[in-house]
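Peer 1:
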Amino acid sequence: MSDRLRLPPLLRLYLAPESTMPRRIDGAWWPRTFDLLTEVPPLLSGLPRAWGQIASVVVNDTVWTGAPGRMLVRNQVVRLRRTTTAHLPSTIVLTAPNHGRRDLLVVPPEATEPAAESLMSAVGLEQGHFAS
21 MSDRLRLPPL LRLYLAPEST MPRRIDGAWW PRTFDLLTEV PPLLSGLPRA WGQIASVVVN
81 DTVWTGAPGR MLVRNQVVRL RRTTTAHLPS TIVLTAPNHG RRDLLVVPPE ATEPAAESLM
141 SAVGLEQGHF AS
């Protein structure tokens, strides 16, 4: 057994620069699995404070697992909702009271870094690199 401290993996998140122009996608997130209970807490903890406290998360029902109706993240109850709406297959929708809605492109966990960057370009995000 090792005495080394195991650090959690870095959050793979790329956010579009702030802008006064509305956009369809606010960033890209590259989770390591499709397990909501594992992936959502680090995502919400890594978001900018300016986004407010996320109260609701909407995901595609066909790809995510482990979605109770609510979960506790950083001492706050977050509602988890699932949808099968066709326009949300590759996004996660985050809402915060008085801060609005943010949509993140979800890069499939099995994607390579070049594939992830290609997906970002396809939705109009500037080329960026995920922290891995």
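Just add 20 to wherever you are in the sequence shown, counting from 1, and you've got my numbering.
Backbone N, C-alpha and C fix where the C-beta goes; we use that ideal spot for every residue, glycine too.
#1: State yes or no: is the C-beta of V98 within less than 8 Å of the C-beta of L57?
#2: Which word fits R122, buried or exposed, when buried means at least 16 other C-beta atoms lie within 10 angstroms of its C-beta?
#3: Within a Cβ cutoff of 7 Å, which residues of the same chain sit near R90, ignoring the five residues on either side of it in sequence?
#4: Is the CB-CB distance between P51 and P129 below 8 Å?
#5: Looking only at its chain, what residues have a beta carbon closer than 8 Å to the beta carbon of T103, apart from the 5 residues adjacent to it on each side?
#6: Could you tell me the distance, in whole angstroms, from the CA atom of S110 to the CA atom of V126?
Peer 2: In terms of the structure at hand:
#1: no
#2: buried
#3: V97, V98, R99, L100
#4: yes
#5: V78, V79, N80, D81
#6: 5 Å
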